[in-house]
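In what follows, a structure is listed as structure tokens, so that the remarks can point back to it.
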Amino acid sequence: MQTTDFRYQRKRLIETVRGRGITDEVVLQAMIDVPREEFVSDELREFAYRDAPLPIGSGQTISQPFIVGLMTAAAELAPDDRVLEIGTGCGYAAAVLSRIVKEVYTVERIEDLARSAGARLKRLGFHNVHVRHADGTLGWPEQAPFDAIIVTAGGPQVPPPLLQQLRIGGRLVIPVGDERTEQELIRVVRRGSDDFERTNLGGVLFVPLIGQAGWHDDKARVPKSVPSQNQNSRAGIRPGHSNALRDVAEPFESIETANLKPLLDRIGDAQVVLIGEASHGTSEFYRMRARITKALIEQKNFDFVAVEADWPDAYRIHDFVTHKDRPEPHAWEAFARFPTWMWRNEEVLDFIHWLRDFNRNRRAVRRPVGFYGLDLYSMFTSIHRVLHYLKGVDPQAAAVARERYGCLAPWQQDPATYGRAALNGSYRSCERDVVQMLRDLVARQVHAAVNDGEDLFDAQLNARLVADAERYYRVMYYGSDESWNHRDRHMFQTLQLLRRHHGDKSKAVIWEHNSHLGNAAATQFGRRGQINVGQLCREEFGEDVYSIGQGTDHGTVAAATDWEGEMEIKSVRPSLPESYEQLMHLTELNQFFLPLTKSRDQTLTSRLAVPRLERAIGVIYRPETERQSHYFEVSLTKQFDEWIWFDESSAVHPLGTQKLADYEPWHPFAAIDR
Ligand code: SAH
290 MQTTDFRYQR KRLIETVRGR GITDEVVLQA MIDVPREEFV SDELREFAYR DAPLPIGSGQ
350 TISQPFIVGL MTAAAELAPD DRVLEIGTGC GYAAAVLSRI VKEVYTVERI EDLARSAGAR
410 LKRLGFHNVH VRHADGTLGW PEQAPFDAII VTAGGPQVPP PLLQQLRIGG RLVIPVGDER
470 TEQELIRVVR RGSDDFERTN LGGVLFVPLI GQAGWHDDKA RVPKSVPSQN QNSRAGIRPG
530 HSNALRDVAE PFESIETANL KPLLDRIGDA QVVLIGEASH GTSEFYRMRA RITKALIEQK
590 NFDFVAVEAD WPDAYRIHDF VTHKDRPEPH AWEAFARFPT WMWRNEEVLD FIHWLRDFNR
650 NRRAVRRPVG FYGLDLYSMF TSIHRVLHYL KGVDPQAAAV ARERYGCLAP WQQDPATYGR
710 AALNGSYRSC ERDVVQMLRD LVARQVHAAV NDGEDLFDAQ LNARLVADAE RYYRVMYYGS
770 DESWNHRDRH MFQTLQLLRR HHGDKSKAVI WEHNSHLGNA AATQFGRRGQ INVGQLCREE
830 FGEDVYSIGQ GTDHGTVAAA TDWEGEMEIK SVRPSLPESY EQLMHLTELN QFFLPLTKSR
890 DQTLTSRLAV PRLERAIGVI YRPETERQSH YFEVSLTKQF DEWIWFDESS AVHPLGTQKL
950 ADYEPWHPFA AIDR
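Add 289 to the 1-based position in the sequence shown for the working numbering, that's all there is to it.
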């Protein structure tokens, strides 16, 4: 029973390793052939198939399977090869190598480990592995030269004796680097007796290589502090890797109980807090930003929340949380257009119910906390809202408005086509009409602000949205960068209008995707001319803005395969080796806050500024083409002030329809009878 279970787990693990980018079938097959559970102690057997390093005693670790796959593949092995491994540990990597090549020679400096690994390999029938207790930085001269050498501990340099024991044409794979930070995995190919070609395979984390041509002092390299860990997590296991990220990360056990005090201190007096997310369908991102937002509202008197949603739909939430209950049913269903799960979900529902309760008590003392949408995809609902407003206060003006907006009416089903038609001259542009409408509504301010300030404000913002949306659909045809910039500028200007509306020093929390909130100037998009809300905020508010990104390694996500497609619960692939996500994953911490610009370890901060990949999942997720569709080069510490990490995460919970039928007509998620 247990054997089959392990076999199944092993297959899944190999799929994870494949998902991380190891595609060499010979290597993957060798990993399927080696029972990893036999290489760890009994208590750790249940963890044997996590893609993580595990302790094996004497302060050492069994390498992470992905890393074993990566190094083995990098060594480009052939069946007749003779291979030297430095750092036997428990013998796992040696066993994997032995399935691929003819002979494996492996050296371990800790006697106990060498002895028990030797016995284990013999017992399991890996007869072509030879174990020796010695300082491996000196190699195994009697058996040299080798076709490949793999070093599974990190040294300050490539040990010269190993270079000499490499046959011409041979490959050496070794982690090299400074102990306080991650090492670089280096591959050296010996082209001639004095000709070594070196390539860097990316950042990794290993236990130290200690010996004559390695590090000298054991003690100096023990990680300074080991943060406490959740008993049930993949940890409960002490890490063997030195890891500077671990030292500064602030781990937490659950979103509900996480201590927010240090984060709130770092936020300080910032007036605008940006909270990003790496996908639009991950429950943890929604819950964590709700938790932080509640704290900002309760403890720092934040005035409103503004999100990446359409203005009129979000305004329904605003009415609800500020107790402007209007008993007549709404004319349209809020958040009913694709992607419905982005706002109509349990996580958002919880937050808006909380905010309604909070405002119930607060109304008497201060203006209630508002909730607004910054986005511009609601041209026709916004037209409808402007007309509705004018009908109530000025029927004549409503007639004029209907006339003007009539220009756009034929394009209701497909506003993008309007853009094309207007551009190529086959339809007249409605620009003048929509801009004139906006001017008219702005001019109304003077007369009406006294009695219907809020409704007028809503109508004005809708008129502005229509004008910006009209333009958006036209500039779309000039290219994606233009329309992206126009949209982000619209969102930023909406934020500014909201701050003016709430008072000059008012404080705002913004919820949007990382790609809108992380400073675009720190990304590959910035280099080609894109701007975003995060960058505009930084330029405008400077130190008064605090931006937070959130990310994950693997789990599930709610997303569609195509635009307008059905929502699916998709598996999120483990992160790619050259990503920031991979660095976070290698900390072995399940979840943590990572201060960046206000970190006490500025060396680490500057190292994290070196560009790497970062994953972005929107409402669409296409794992098959993940590298091209979802990874982008960024510089993390220039992008955000802080990062929140969830190693494993799960899909957001869309609202069931049953529940919606029970809501009062003024509930923002109420269904409407048609
Ligand atoms: N190959 C192992 C990894 C073990 S961790 C696996 O498959 O899991 C690295 C090992 O390198 C440790 O056991 C450590 O004791 C050993 N080591 C460190 N310095 C060494 C040296 N100079 N010579 C030989 N082994 C060394």
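Note that beta-carbon positions come from the ideal geometry of N, C-alpha and C, so glycine has one too.
Contact test: residue i Cβ vs the ligand SAH heavy atom, cutoff 7 Å
i	result
Glu397	yes
Gln318	no
Thr361	no
Val477	no
Ala382	yes
Ser352	yes
Gln349	yes
Ala442	yes
Val496	yes
Gly425	yes
Thr894	no
Gly500	yes
Leu474	no
Gly378	yes
Leu563	no
Val357	yes
Ile375	yes
Gly407	no
Gly346	no
Leu402	yes
Gly503	yes
Proximal residues to residue i (C-beta, below 7 Å), its chain only, five neighbours per side dropped
i	result
Leu865	Arg309, Gly310, Gln871, Leu902, Arg916, Tyr920
Asp744	Tyr678
Tyr952	Phe958, Ala959
For residue i, three-class secondary structure by DSSP
i	result
Arg299	helix
Ser482	coil
His956	coil
Gln880	strand
Lys859	strand
Thr886	coil
Ser531	Low confidence applies to Ser531: its pLDDT is 31, below 50, so where it sits in the model is not reliable, and the reading given next is rough at best. DSSP places Ser531 in coil when its eight states are reduced to three.
Gln749	helix
His419	strand
Arg578	helix
Val447	coil
Gly565	coil
Phe781	helix
Asp331	helix
Lys513	Summary for Lys513: the model assigns pLDDT 30, below 50, so the residue's position carries little reliability; its value from the coordinates is reported in the next sentence. Residue state, collapsed to three classes: coil.
Gln472	strand
Leu697	coil
Asn774	helix
Pro943	strand
Tyr338	coil
Ser836	strand
Ser667	coil
Ala848	strand
Ile978	The question about residue 978 has no answer here: the residues shown for the chain are numbered 290 through 963.
Val323	coil
Whole-angstrom C-beta distance between residue j and residue i, which should lie under 8 Å
i	j	result
Asp638	Phe958	A small fix is needed here, since residue 638 is Leu in this sequence, not Asp. Right, their Cβ atoms sit about 7 Å apart.
Leu386	Glu374	6 Å
Gly925	Tyr869	For the sequence presented, residue 925 should be read as Leu rather than Gly. About 5 Å separates the two Cβ atoms, so the contact holds.
Thr426	Leu402	Not quite, the Cβ-Cβ distance comes to about 16 Å (not below 8 Å), so this is no contact.
Leu878	Leu897	About 16 Å; that fails the 8 Å criterion.
Ala579	Ile799	Not quite, the Cβ-Cβ distance comes to about 14 Å (not below 8 Å), so this is no contact.
Neighbourhood of residue i by C-beta distance below 8 Å, restricted to the same chain and skipping five residues each side
i	result
Asp340	Leu302, Thr305, Val306, Arg309, Gln353, Pro354, Phe355, Pro863
Gly481	Ile457
Ser772	Tyr761, Val764, Met765
Leu676	Ala687, Ala690, Arg691, Tyr694
Gln454	Leu373, Gly428, Trp429, Pro430, Ala433, Pro434, Phe435, Ile438
Pro657	Val610, Thr611, His612, Asn648, Arg651
Pro704	Met668, Phe669, Leu697, Ala758, Tyr762
Lys300	Ile321
Cutoff 6 Å; reference residue i; Cβ partners in own chain excluding five residues on either side
i	result
Val755	Met668, Ser671, Ile672, Val723
Tyr394	Leu373, His419, Trp429, Gln432
Short CB-CB distance (under 8 Å) between residue i and chain D
i	result
Ala384	Looking for chain D here will not work: only one protein chain is present.
Closer than 7 Å: residue i CB and nearest the ligand ZN heavy atom
i	result
Gly844	The model on display carries the ligand SAH but not the ligand ZN.
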